[in-house]
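Here is the structure we will look at.
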Ligand code: NAP
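In the working numbering, the protein residues as written are 1 to 479.
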């Protein structure tokens, strides 16, 4: 069999242990994969490389287009960007596939209910675009970027996956009731794409109800497709339905590239102790084998893992401190069971997910006339709403735009009464006076007057009508 080249990143914390276990299984099952060991994460940050990924690692992935990786540590609330997210974005792995399926040997409150579902998470956009700015010393902002293209790629992946695995339905989980444009776009694209898959039932569900339904009746779900942040949270939840993060594998997939890794993080408190559950990483290896079309090898490893658990051999997270076996002992037990079958498992019919179809079927953007009708100016001001409102009305008297309203944290505070607990960051909405299109020069003029009045503006948003529809939402309380 032809040798397949892949990049291997051990990662941080418990990463080296779970990746070593997976590597041992892949060798033991005879997978013809030759790995190039590479670095990313904490050790790379320590070398002063701000991305957390070495140039050698990037070169290796460019060559192999196939990665098995351990979790990478990201400082929480400070420090450099996540090396993980960097890898996902750098190689445009636009969808993250996160399956969970009940294990006969792992008792949970859901045992016997046949939980068997997949979350497909959009993988590079949303709040993970990582565009954050301090607006004032008291106010932080993160942009939620959702694109038609990014949504369509993730959604098509979900439908192709459903077809490949003989699944019956795809739920789209969004918060489109609140975020009409961003989450709303994901929902609208889902409705368009789902029409091309009449053999698969398509449902929309609001994401908070999705979390509720997942806890109450998870067996109703087959495939759930969702935006990046929703998917991050929901997939930790779904891992708990089958025994926890120790059992949740994933694949980051893109155009001719795939990165396989456990859903879990580096769990630093367990690092080097030989106590954690390597199943999630091993199952990520199984996903890698299936991606490569090595179905017999994939099934062999999956069967051996399930048989080990059925035989009552499990790590600490399942069996408890007294009865749980070490990571290495568990891995030995799985290797010893290669070739054996579990009693209570039959694999899904698995065909390769037709990722190339995602690319082929992508729609071209539909051009639409746009017209600027106003501008939102975000500024810092240490006074109250009425003082600011009157100042802005006066200074814009001879401008092409006039002040329509001011909001604070999304709630209209001027004109009129307000109960809002205002902060020093104000969104001031100016609309054209006579229905004419607003040109940039008129916006510069307004900004100049704002600056001359001693007010500090942070950023602006043009208010564009697209086609017939306004491309902005109203503030809470705005007429
Ligand atoms: P985490 O590392 O996933 O650990 C959370 C908890 O999940 C652990 O304390 C443990 O629960 C359980 N757990 C995780 N993996 C397990 C395994 N293999 N076997 C048994 N139990 C397991 O999440 P975190 O503590 O929030 O994040 C730690 C670091 O990992 C952070 O720097 C984060 O940014 C990073 N991270 C990286 C990735 C990635 O690289 N893909 C993903 C997520 C997080 P108990 O405490 O109950 O035993």
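By construction, the Cβ of each residue, glycine as well, lies at the ideal position given by its N, Cα and C atoms.
8 Å Cβ cutoff met for residue i and residue j
i	j	result
residue 434	residue 401	no
residue 513	residue 117	Nothing can be reported for residue 513: it is not among the residues displayed for the chain, which extend from 1 to 479.
residue 226	residue 237	no
residue 14	residue 267	yes
residue 375	residue 462	yes
residue 263	residue 251	no
residue 70	residue 120	no
residue 122	residue 151	yes
residue 277	residue 218	no
Contact test: residue i Cβ vs the ligand NAP heavy atom, cutoff 7 Å
i	result
residue 264	yes
residue 244	yes
residue 10	no
residue 274	no
residue 280	yes
residue 119	no
residue 268	yes
residue 96	no
residue 317	yes
residue 461	no
residue 387	no
residue 261	yes
residue 76	yes
residue 71	yes
Alpha-carbon to alpha-carbon, residue j and residue i
i	j	result
residue 109	residue 241	8 Å
residue 147	residue 169	24 Å
residue 296	residue 283	14 Å
residue 359	residue 228	20 Å
residue 173	residue 164	21 Å
residue 57	residue 361	32 Å
residue 285	residue 369	48 Å
residue 427	residue 135	11 Å
residue 372	residue 34	56 Å
residue 76	residue 437	45 Å
residue 466	residue 346	51 Å
residue 269	residue 366	51 Å
residue 196	residue 43	46 Å
residue 504	residue 309	Residue 504 lies beyond the residue range present for the chain, which begins at 1 and ends at 479; the question has no answer from this structure.
residue 8	residue 61	9 Å
residue 137	residue 413	21 Å
residue 445	residue 86	39 Å
residue 133	residue 153	28 Å
residue 291	residue 32	13 Å
residue 72	residue 53	10 Å
Pick from the options that is closest to residue i, judged by C-alpha positions
i	options	result
residue 45	16, 15, 62, 79	79
residue 74	396, 40, 287	40
residue 98	261, 37, 318, 479	261
residue 293	307, 243, 278, 350	350
residue 204	175, 198, 181	175
residue 273	3, 6, 16, 10	16
residue 10	4, 289, 23, 113	23
residue 129	192, 302, 89, 385	89
Residue-chain proximity (residue i, chain C), Cβ-Cβ < 8 Å
i	result
residue 17	Of the protein chains in the structure, only one exists, and it is not chain C.
Is the stretch 139-149 in contact with the stretch 335-345, if contact means three or more CB pairs nearer than 8 Å? no
Validate contact between the stretch 327-334 and the stretch 376-385 using beta carbons, cut 8 Å, 3 pairs: no
Three or more C-beta pairs closer than 8 Å, one from the stretch 87-99 and one from the stretch 253-266: is that the case here? yes
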